[in-house]
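Residue numbers (the working numbering), protein chains in the order written: chain A, 38 to 497; chain B, 38 to 497; chain C, 38 to 497; chain D, 38 to 497.
For glycine and all other residues, C-beta sits at the position ideal for the given N, C-alpha and C.
Keep in mind that this is a model prediction, so the values were computed, not measured.
Number of protein chains: 4
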Amino acid sequence: MAEKVWGGRFKEGTDEALERFNASLPFDRRLYAQDIEGSRAHCRMLAKQGIIREEEASRMMEALSEILIELEKKDTAPELPYEDIHTLVERKLVEKVGPLGEKLHTGRSRNDQVALDTRMYVRDAIKRVIALIGDMQSALVELAEKHIDFIVPGYTHLQRAQPVLLGHHFLAYYEMLSRDRARYEESMKRVRIMPLGSAALAGTTFKLDRQMVARELGFETVSANSMDAVSDRDFVLEFLFGSSVLMMHLSRLSEELILWSTMEFGFVSLPDAFCTGSSIMPQKKNPDLLELVRGKTGRVYGHLMALFTTMKGLPLTYNKDMQEDKEGLFDTVDTVEQSLLLMSRLLSGVSFHKEAMSNAVDHGYLVATDLADYLVTKGVTFRQAHEVVGRMVLSALERGVELHELTLDEMKGFWQDIEEDVYAWLDPIACIDRRNIMGGTGRSLVKVALAKAREDMKAR
Amino acid sequence: MAEKVWGGRFKEGTDEALERFNASLPFDRRLYAQDIEGSRAHCRMLAKQGIIREEEASRMMEALSEILIELEKKDTAPELPYEDIHTLVERKLVEKVGPLGEKLHTGRSRNDQVALDTRMYVRDAIKRVIALIGDMQSALVELAEKHIDFIVPGYTHLQRAQPVLLGHHFLAYYEMLSRDRARYEESMKRVRIMPLGSAALAGTTFKLDRQMVARELGFETVSANSMDAVSDRDFVLEFLFGSSVLMMHLSRLSEELILWSTMEFGFVSLPDAFCTGSSIMPQKKNPDLLELVRGKTGRVYGHLMALFTTMKGLPLTYNKDMQEDKEGLFDTVDTVEQSLLLMSRLLSGVSFHKEAMSNAVDHGYLVATDLADYLVTKGVTFRQAHEVVGRMVLSALERGVELHELTLDEMKGFWQDIEEDVYAWLDPIACIDRRNIMGGTGRSLVKVALAKAREDMKAR
Amino acid sequence: MAEKVWGGRFKEGTDEALERFNASLPFDRRLYAQDIEGSRAHCRMLAKQGIIREEEASRMMEALSEILIELEKKDTAPELPYEDIHTLVERKLVEKVGPLGEKLHTGRSRNDQVALDTRMYVRDAIKRVIALIGDMQSALVELAEKHIDFIVPGYTHLQRAQPVLLGHHFLAYYEMLSRDRARYEESMKRVRIMPLGSAALAGTTFKLDRQMVARELGFETVSANSMDAVSDRDFVLEFLFGSSVLMMHLSRLSEELILWSTMEFGFVSLPDAFCTGSSIMPQKKNPDLLELVRGKTGRVYGHLMALFTTMKGLPLTYNKDMQEDKEGLFDTVDTVEQSLLLMSRLLSGVSFHKEAMSNAVDHGYLVATDLADYLVTKGVTFRQAHEVVGRMVLSALERGVELHELTLDEMKGFWQDIEEDVYAWLDPIACIDRRNIMGGTGRSLVKVALAKAREDMKAR
Amino acid sequence: MAEKVWGGRFKEGTDEALERFNASLPFDRRLYAQDIEGSRAHCRMLAKQGIIREEEASRMMEALSEILIELEKKDTAPELPYEDIHTLVERKLVEKVGPLGEKLHTGRSRNDQVALDTRMYVRDAIKRVIALIGDMQSALVELAEKHIDFIVPGYTHLQRAQPVLLGHHFLAYYEMLSRDRARYEESMKRVRIMPLGSAALAGTTFKLDRQMVARELGFETVSANSMDAVSDRDFVLEFLFGSSVLMMHLSRLSEELILWSTMEFGFVSLPDAFCTGSSIMPQKKNPDLLELVRGKTGRVYGHLMALFTTMKGLPLTYNKDMQEDKEGLFDTVDTVEQSLLLMSRLLSGVSFHKEAMSNAVDHGYLVATDLADYLVTKGVTFRQAHEVVGRMVLSALERGVELHELTLDEMKGFWQDIEEDVYAWLDPIACIDRRNIMGGTGRSLVKVALAKAREDMKAR
């Protein structure tokens with residue numbers, strides 16, 4: 038049976054199956070480093086406040102360091118009988134320093150302790166995720182720079198719409214990741230709030246120096262209301278939300294690369310190292326990584342929904358339901374980290390097929406808008422030009438030719454004022470460069486955007 | 038690096054981090070028994086069809102039995118380098134019987150194989166869950182029978198509404214569980230469809246006897262379309278849905294018992310064995326099991342949402358995204374099994390406080406409806422009676438008394454025709470027994486319902 | 038201020054903003070036909086039981102018929118002040134027949150009444166949805182029959198895998214819809230349970246004939262427990278779940294047709310009537326319907342999740358939260374009906390480009406599996422054959438040719454025993470026909486499947 | 038048939054049922070004010086850039102003002118044939134100023150236009166919601182100040198834990214709302230990004246002054262990438278997420294007030310104006326508002342999940358699926374606004390029953406932790422004290438008395454050093470005041486917190 042930090046009031050022992058159901062150690066063990074870091078800060082503060090003696094603090098600090106090393110080794114069999122990581126660390130401490138070890142819990146409850154540990158864990162995860170976002174942004178910028186003269190069809194409704202620079206396309210993802218980064222960063226304000234001192238729910242009776250603990254842990258502030266402090270899981274929800282949006286973005290990129298690597302699109306070849314084959318079909322090379330990232334979006338959405346469901350309608354303050362916040366959080370951290378890491382690596386290895394992309398730009402009337410714009414330069418209103426070009430497209434489509442393959446006479450059949458200069462006007466790169474507006478796909482603008490991205494990344 | 042069942046077409050090896058990301062063995066190992074059972078059926082059929090020799094089949098059957106035993110032992114270190122459970126089993130087979138082992142894959146792809154394994158796993162899980170539902174229904178019936186003369190306030194909007202029998206209250210959960218059971222049972226039809234023979238997507242070229250394999254595995258039918266067979270995860274969604282509804286039901290029961298075990302309600306005492314204490318507050322006895330079950334509802338909802346998200350918009354046929362179907366399924370099975378098991382045990386140990394419940398029935402004007410009915414017997418329309426009794430309640434409320442504490446004169450002040458017999462009429466047990474209609478709380482009806490439940494459970 | 042069917046106990050009127058927030062009439066008005074049908078059955082039964090007089094019943098029946106006609110007209114301004122459809126119908130009844138109208142509520146509460154109305158509404162919706170599923174299945178079968186000799190690449194991981202018949206591909210959706218249909222049908226059992234008689238929560242004191250009401254309404258049975266009857270919304274969840282799976286299926290078909298109608302795939306042209314254009318780009322023809330259906334999958338998933346959230350942890354019996362069951366249900370019914378209807382029409386109008394599909398089958402080594410099978414006929418094990426063909430594919434890929442474009446000598450360079458007959462063996466239609474197994478894509482099998490589908494549809 | 042802004046390329050008209058399915062006007066009409074505000078800014082800029090003449094701009098500006106007034110009137114029947122609000126406004130403009138009206142669309146596409154309109158709508162909604170959050174925070178602070186000497190049990194696991202000030206309890210919600218407010222505010226940065234100039238996807242060819250339009254509309258910046266600008270709905274997801282967390286907070290408060298207004302708790306009486314009655318049970322007064330707010334949490338979660346599902350895996354850039362972003366957004370805005378408004382009003386009207394709460398504090402051993410702390414002052418370690426007090430509680434429980442009802446001798450039986458001063462120590466208000474730490478429930482600290490809240494609210 039698990040060793041517990043309560044029991045005087047109970048006549049019967051705990052049901053063993055419940056003990057297993059109840060125990061969080063199998064998953065909250067992952068918080069061991071945070072639990073010890075937090076305990077060390079608490080210990081130093083207790084000594085400074087004279088609640089324990091300096092000498093007692095020293096012995097505990099040393100023992101906690103040893104425990105950290107022990108727990109870093111994965112296989113520590115005798116852990117299992119404990120309810121949670123907090124109890125495990127305390128019991129190990131008592132093993133090392135005797136009953137003194139129990140003094141560490143002075144002024145502290147597991148309710149505020151687990152809030153602190155989880156906050157520290159989220160803080161650390163955010164830092165790692167932000168770094169990985171930066172790596173992926175670098176990969177995108179490099180990719181854009183390397184293929185600066187590649188053009189590709191831009192799509193709406195997955196129908197070819199207008200020619201764009203390949204780099205412009207990938208910089209769209211740079212922007213998405215910048216927002217993701219900003220969201221994680223902003224949520225840090227609400228993560229780095231130090232809850233210790235809230236005790237079980239009402240605040241402790243000991244004269245703790247909460248600000249000192251916050252400073253030691255690099256937290257910005259201390260929690261303002263003890264009942265809120267032990268009931269609040271908003272910061273976990275924020276992490277799950279930010280990660281859901283990030284995965285949504287990655288799912289869009291995955292979808293595109295899956296499409297682009299089909300025989301039908303043929304725009305890219307994926308590196309063998311990020312694909313797998315079939316046990317049956319010898320020719321298959323499957324974009325597994327991209328499919329997995331796309332598929333794992335569901336898992337992260339699910340974790341968000343799970344915690345939202347769990348928190349709904351819970352009366353104050355701590356309820357055991359809230360223990361359910363951790364597994365989904367941990368799995369989300371792993372999923373997001375791995376997805377970013379592997380996507381960045383894959384991006385660096387993709388081969389882009391310039392000719393196939395360029396060829397695609399030449400088919401599908403992508404320059405029709407520009408032809409309408411051309412007519413506008415001849416004094417036609419846009420609505421009328423749109424109508425005329427629509428008819429030209431229909432006619433060309435039926436004859437199986439592209440707009441630039443129409444003779445000047447044929448064009449004049451639709452609108453008399455069209456001149457020879459229309460052919461130069463319809464050159465895709467001319468079309469691209471006419472979109473010479475902040476945020477547009479014009480080559481000079483894309484270069485500006487790349488320079489700015491480089492600068493932003495350097496400034497971090 | 039993982040051993041693979043493909044590779045001739047690849048020039049580069051797989052990225053190691055991708056290999057870990059991609060590998061399903063860490064979780065699909067759980068399908069080992071199903072994988073071997075399916076393989077054995079496939080093996081027998083291959084022999085019967087003359088695709089392999091009887092003697093070859095015998096050697097493989099024996100080896101598969103050995104592998105089953107080996108895999109039942111948890112710690113089999115050398116498993117890790119394999120992609121999935123199918124490859125692991127095949128490699129073990131080849132270790133034992135040499136290249137012959139590779140013949141087992143004849144006419145089979147991992148696409149139809151994993152579909153089969155998952156279907157067998159769900160089939161087995163449904164059987165266990167249905168048995169556990171039966172156990173919980175028994176616990177409810179016993180509880181209802183044991184407390185047949187206990188009355189308790191029935192609530193709407195969590196306000197006391199009308200007196201009901203305690204057994205009637207718990208039989209509402211019996212009904213919910215009957216629907217849960219029915220849903221699982223019905224879904225079996227769509228689970229027990231044998232997909233082998235579909236191969237990668239288009240069907241195999243070998244002359245397999247699909248019906249024979251289905252029969253051997255106790256499956257009702259074979260899949261009708263190979264492309265659907267390898268793309269379909271409806272049966273997993275159905276399991277997750279049925280489990281979500283079940284958990285929703287358990288969350289309602291948990292909520293009620295949490296409420297009933299508060300100081301404020303005081304209707305029940307939970308067994309010590311299903312509660313835990315506080316590291317800070319010596320008096321606490323917390324209903325952890327009930328809170329966990331309520332909280333874990335979120336987790337199961339989340340798994341349902343996750344798979345729905347993953348499946349949305351996937352083109353036919355198999356896509357790697359679908360590998361994401363398993364972890365949520367496995368976790369759901371564990372959660373549902375443990376929740377049912379522990380809730381049943383807890384129900385058997387709850388103490389009901391007859392006097393507290395009965396006292397609660399006496400306060401809060403629960404018999405007001407019956408007083409209105411009484412007036413109807415005196416020829417008043419119900420709407421009018423409702424209005425009159427509403428005013429009586431308001432008056433009694435302001436004076437701090439209950440309706441049966443009003444004197445006859447006071448009552449007559451509201452309606453002249455009220456007589457002495459009103460007091461007997463307002464006795465809670467009389468109120469209960471007047472609800473003498475199929476499905477109602479009248480004692481004889483509840484006894485009928487209990488008898489029927491007993492019969493139904495026996496008939497299974 | 039709204040007219041209410043309660044109030045004697047209240048000293049203050051209802052806050053007006055709350056009244057609007059609280060009122061369900063703006064949406065539950067949609068239940069008017071069900072409310073009246075249920076009221077008529079209740080009325081007949083009250084008369085038969087002697088609770089009201091036959092003559093009273095006649096007057097009410099007639100008035101209810103009039104009210105039905107009035108409510109069928111959309112614009113009935115004076116409705117607004119009522120709380121809900123039940124109150125509206127009752128008030129209209131009282132307007133017509135005087136205080137007698139109030140007797141209709143005898144033995145009935147809004148709690149069981151709204152349960153009945155919603156059940157009737159779901160019953161009616163299921164019938165319509167099943168009919169629309171049938172229409173779509175017909176469209177799929179017709180499409181398959183009409184293009185019986187069209188072949189198309191079968192995909193896994195969106196990479197070309199093996200050739201399949203176009204009809205085989207669409208019959209996969211026929212199967213999905215058959216399961217959808219089955220789920221709706223099965224849920225009917227749990228929909229057609231008659232709750233009247235449960236009253237507010239504990240059962241009525243009136244001697245109602247519940248079975249008679251059930252029979253009149255075509256319901257299979259009466260509810261077995263009054264507390265469950267007014268608390269149960271499982272049947273709405275089942276409808277939302279069945280619809281979520283259906284929409285997921287439609288999202289997959291939509292995704293495929295969106296892909297197939299791209300320039301890159303070029304397998305189909307969508308009918309103009311189901312596409313729209315762009316206000317800017319004259320050439321655009323966008324697959325709006327398909328995108329909307331795919332996008333609306335989210336909406337239906339959301340409604341399912343919403344109701345699951347709402348129901349979680351609600352204590353028995355009725356709680357106002359449950360009023361939230363309706364809007365999501367109604368929107369789901371509309372979405373599913375429109376999606377099925379429009380998808381069926383679109384399917385009938387799609388043009389399939391035989392040559393483009395056939396051409397696609399010829400590129401991408403789709404016959405590689407069959408080449409491996411060919412080697413197996415020469416005595417090679419499948420694993421070895423897979424390896425050899427993998428190398429052949431890699432070599433052909435680098436030279437930019439297909440397998441059937443290799444000379445016999447070149448082939449022999451990989452495996453000596455390959456003979457001239459390999460070319461006939463690799464013909465796509467030969468590959469298709471070798472998959473001559475129940476559920477496979479072989480032409481004769483697909484014809485069998487089509488005949489069976491025709492038969493099943495006729496048998497309904 | 039709807040009038041459209043495209044069509045030259047089409048041979049067939051649009052299916053009428055599709056037109057209805059496709060049309061967004063029935064819901065995006067709600068964006069009319071934003072559409073016109075954006076159009077006016079665009080118009081002024083076109084003139085300033087010399088793309089249209091000043092005189093043309095004046096005519097259009099005037100006409101747009103008229104259209105705004107017309108659209109503010111709800112019933113404008115002839116709207117229906119238009120596809121969306123953008124087309125409606127443009128057609129009305131053309132009606133008023135002739136073909137000139139078509140020039141307004143110069144350099145603009147519906148893709149960037151709808152992005153702008155939605156951003157403006159979210160901006161406006163956030164402002165209103167933040168104001169309503171402020172109102173609710175005021176209500177909480179007032180409530181806390183007004184009942185500054187009320188004490189109430191603090192709960193963990195819904196079991197009485199420790200006495201707290203009522204004001205401390207409600208300030209926990211103040212904190213939650215402060216976080217909600219901060220999240221909405223932060224998201225503003227990502228809302229106020231001006232997308233016009235992105236045109237369909239690649240940027241416009243016209244020399245627009247994007248910064249000017251941004252300034253005119255009070256937007257902080259212009260979008261940096263045109264493809265991202267028309268594909269991005271992160272800002273809608275952020276609004277739905279912030280609202281989901283807010284509703285989760287309100288659901289917790291609702292749950293608590295529902296509990297507190299039961300007969301069993303009896304801590305509060307809700308104002309009649311925010312409750313409703315029963316059609317059957319004359320005594321009922323139901324907390325409808327609170328139940329609805331709790332229930333509507335599901336609806337908002339559902340909208341979040343819906344949009345996440347819709348956006349998953351969409352390739353760039355605009356896809357019609359994204360039209361699904363609006364209805365859930367609009368419904369969320371309504372739900373959140375109404376919930377905040379009504380909850381604030383209700384809070385101002387709740388009656389708190391001082392004696393009932395105080396009485397509850399006296400029962401349930403809420404001072405047990407303080408008794409343990411007392412023992413610690415006598416030199417006992419906390420763990421030991423916890424054990425001793427646990428046994429005292431068990432003994433008192435069995436005898437049906439509270440801790441302060443034990444005689445000094447009885448207490449000494451458990452621990453010899455307990456003295457007479459223990460009774461004063463165990464006074465609840467003393468227990469509260471000992472929690473004299475930042476964030477704790479001590480009276481002076483709560484007063485500090487209230488003062489700070491007042492100051493923060495003033496500073497806004």
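For the stretch 420 to 432 of chain D, enumerate the residues whose C-beta is nearer than 7 angstroms to any C-beta of chain B, in chain order.
His-423, Val-426, Gly-427, Val-430
Leaving out five residues on either side along the sequence, give the residues of the same chain with a beta carbon under 7 angstroms from the beta carbon of Lys-226 (chain D).
To locate residue 226 (chain D), count along the fourth sequence from 1; it is residue 189. Excluding positions up to five away in sequence, the list reads Glu-257.
Beta-carbon gap between Glu-127 (chain B) and Glu-139 (chain B) smaller than 9 angstroms
Within the second sequence, the letter at position 90 stands for residue 127 (chain B). Within the second sequence, the letter at position 102 stands for residue 139 (chain B). Yes, Cβ-Cβ distance for Glu-127 (chain B) and Glu-139 (chain B) is below 9 angstroms.
When you compare the CB positions of Leu-177 (chain D) and Leu-463 (chain D), do they come within less than 9 angstroms of one another, or not?
Here residue 177 (chain D) is taken as the residue at index 140 of the fourth sequence, counted from 1. Here residue 463 (chain D) is taken as the residue at index 426 of the fourth sequence, counted from 1. No; because the gap between Cβ atoms is not below 9 angstroms, this pair is not in contact.
For Phe-451 (chain D), which of helix, strand or coil comes out of DSSP?
Counted from its first residue, the fourth sequence places residue 451 (chain D) at position 414. It is helical.
Exposed or buried, Glu-91 (chain D), counting other C-beta atoms within 10 Å across all chains shown (16 or more means buried)?
Along the fourth sequence, read from residue 1 onward, the residue named residue 91 (chain D) stands at position 54. So Glu-91 (chain D) ends up on the exposed side.
So Ala-198 (chain C) and Lys-322 (chain A) are in contact, right, with Cβ under 8 angstroms, and what is the actual spacing, rounded?
Residue numbering aside, residue 198 (chain C) sits at position 161 when the third sequence is read from its first letter. Residue numbering aside, residue 322 (chain A) sits at position 285 when the first sequence is read from its first letter. Not a contact, Cβ separation roughly 11 angstroms.
Using the Cα positions of His-441 (chain A) and Glu-447 (chain A), report the straight-line distance between them to the nearest angstrom.
The count along the first sequence starts at 1 and reaches residue 441 (chain A) at position 404. The count along the first sequence starts at 1 and reaches residue 447 (chain A) at position 410. In a straight line, the C-alpha of His-441 (chain A) is about 11 angstroms away from that of Glu-447 (chain A).
Within 10 angstroms of its Cβ, does Gln-150 (chain D) collect 16 or more other Cβ (buried), or is it exposed?
For the purposes of this step, residue 150 (chain D) is identified with residue 113 of the fourth sequence, where counting begins at 1. Gln-150 (chain D) should be labelled buried.
Those residues which DSSP pairs with Gly-234 (chain C) across a bridge
Residue numbering aside, residue 234 (chain C) sits at position 197 when the third sequence is read from its first letter. Gly-234 (chain C) pairs with nothing; no bridge assigned.
If you drop the 5 nearest sequence neighbours on each side, which residues of the same chain put their C-beta closer than 7 angstroms to that of Leu-238 (chain A)?
Start at 1 with the first residue of the first sequence, and residue 238 (chain A) comes out as number 201. So the list reads Asn-148, Ser-263, Met-264, Val-267, Thr-354, Tyr-355, once near-sequence residues are dropped.
Would you check if the stretch 74 to 81 of chain B and the stretch 327 to 337 of chain A touch, i.e. whether three or more CB-CB distances between them fall below 8 angstroms?
no
Beta-carbon contacts of His-390 (chain C) that lie in its chain and below 8 angstroms, excluding the five residues immediately before and after
Position 353 of the third sequence holds residue 390 (chain C). Only Gly-303, Phe-304, Val-305, Ser-306 meet the Cβ criterion.
With DSSP run on the structure shown, which of helix, strand or coil describes Pro-200 (chain A)?
Stepping through the first sequence from its first residue, residue 200 (chain A) is reached at position 163. It is a strand residue.
Under a three-way DSSP split, which group does Pro-532 (chain D) fall into?
Only positions 38 to 497 of chain D appear in this structure, which leaves residue 532 (chain D) out of reach.
Check whether chain C comes within 9 angstroms of Glu-74 (chain D), counting only Cβ atoms and requiring the distance to be less than that.
Within the fourth sequence, the letter at position 37 stands for residue 74 (chain D). Not closer than 9 angstroms to any Cβ of chain C, the Cβ of Glu-74 (chain D) fails to qualify, so no.
By the three-class DSSP mapping on this structure, what secondary structure does Ser-388 (chain A) have?
As a position in the first sequence, residue 388 (chain A) is number 351, starting the count at 1. Of the three classes helix, strand and coil, the one that applies to Ser-388 (chain A) here is strand, per DSSP.
Chain-ordered residues of the stretch 208 to 227 of chain B with a beta carbon less than 9 angstroms from chain C
Leu-208, Ala-209, Tyr-210, Tyr-211, Glu-212, Met-213, Ser-215, Arg-216, Asp-217, Ala-219, Arg-220, Glu-223, Ser-224, Lys-226, Arg-227
Beta-carbon separation (whole angstroms), Met-231 (chain D) vs Val-259 (chain D), contact threshold 8 angstroms:
Counting from one through the fourth sequence, the residue named residue 231 (chain D) turns up at place 194. Counting from one through the fourth sequence, the residue named residue 259 (chain D) turns up at place 222. Confirmed, Cβ separation roughly 5 angstroms.
So Leu-482 (chain B) and Gly-204 (chain B) are supposed to be a Cβ contact under 8 angstroms. How far apart are they, rounded?
In the second sequence, residue 482 (chain B) corresponds to position 445, counting from 1. In the second sequence, residue 204 (chain B) corresponds to position 167, counting from 1. In fact, because the Cβ distance is near 11 angstroms, the residues do not count as touching under 8 angstroms.
Examine chain C for any beta-carbon lying closer than 9 angstroms to the beta-carbon of Cys-80 (chain D), and answer yes or no.
To locate residue 80 (chain D), count along the fourth sequence from 1; it is residue 43. Not one chain C Cβ lies under 9 angstroms of Cys-80 (chain D).
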